[in-house]
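Remarks on the structure that follows.
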Amino acid sequence: MNAVSIPGSEELEVLSPSCIEIVQCTKNEIARIMQKVPIKKAPGYDGIDFIVLKTIFRTNPDIPITFYNKCLSLQCFSNPLKTGVTVLFLKKGKNKSDIKSHRPVSLLPTFGKTQPPPQKK
1 MNAVSIPGSE ELEVLSPSCI EIVQCTKNEI ARIMQKVPIK KAPGYDGIDF
51 IVLKTIFRTN PDIPITFYNK CLSLQCFSNP LKTGVTVLFL KKGKNKSDIK
101 SHRPVSLLPT FGKTQPPPQK K
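Numbering-wise (UniProt numbering), the sequence shown opens with residue 1 and increments by one.
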C-alpha cells in the first residue's frame with residue numbers, strides 16, 4: 001500500500017478516543033445550517049464565500065456531508081478550520097490613529113463556521 005501525504009495533516013488535532021458514540025451528520029441537518037448562513041457574510045482567509053458553499057451543497061451535497069462526517073469519524077477539527085484572521089475596521093468619523101477608533105472582526109474559514117456540532121447517540 002502506498003502512503004498518501006495529506007497537506008496540512010501535521011496540523012490535525014486528534015482528540016483522545018472516547019466511549020461516546022458520535023452521530024453522523026445528515027443531509028437535513030446540514031441543510032438547516034446552510035439555510036441559516038447569511039450569504040453576505042465575509043469569508044475567512046480560505047476565500048470561500050457562503051454563496052459558493054451553498055451552491056456546492058445544493059448541486060452536490062455529498063461533498064460537505066462527507067467532509068463533516070469524516071471530521072466527526074476521525075474526531076478531529078483541524079487547526080486551519082478554527083484559525084481566524086483579525087481585521088481592524090475604522091469606525092465612521094473616528095481618528096484612525098486612535099486604537100479605540102477601530103472595530104476588530106475575526107474572519108473564520110467558511111467550512112469551520114458551518115461545521116455541525118457533534119451529537120451523542
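Positions of the beta carbon are idealized from the N, C-alpha and C atoms, including for glycine.
Between residue 96 and residue 107, the alpha-carbon positions lie close to 21 Å from each other. In summary, residue 57 is buried, with 16 or more beta-carbon neighbours lying within 10 Å of its beta-carbon over all protein chains present.
In the three-state reduction of the DSSP assignment, residue 101 falls in the helix class, which pools H, G and I. Closest option to residue 80, judged by alpha-carbon separation, among 113, 24 and 74: 113. Of the candidates 22, 109, 83 and 87, 87 places its Cα closest to the Cα of residue 102. Listed in chain order, the alpha helix (DSSP H) elements of length 4 or more contained wholly in the stretch 54-78 are 62-73. If you ignore the 5 residues before and after residue 85, its C-beta comes within less than 6 Å of the C-beta of 45 and 107, all in its own chain and listed in chain order. In its chain, beyond the 5 residues on either side, 54 and 57 have a beta carbon closer than 6 Å to the beta carbon of residue 34.
Residue 87 is bridged by DSSP to 105. For the options 83, 48, 62 and 47, the alpha carbon positioned closest to that of residue 25 is the one of 62. When the Cα atoms are used, residue 66 and residue 93 turn out to be separated by approximately 47 Å.
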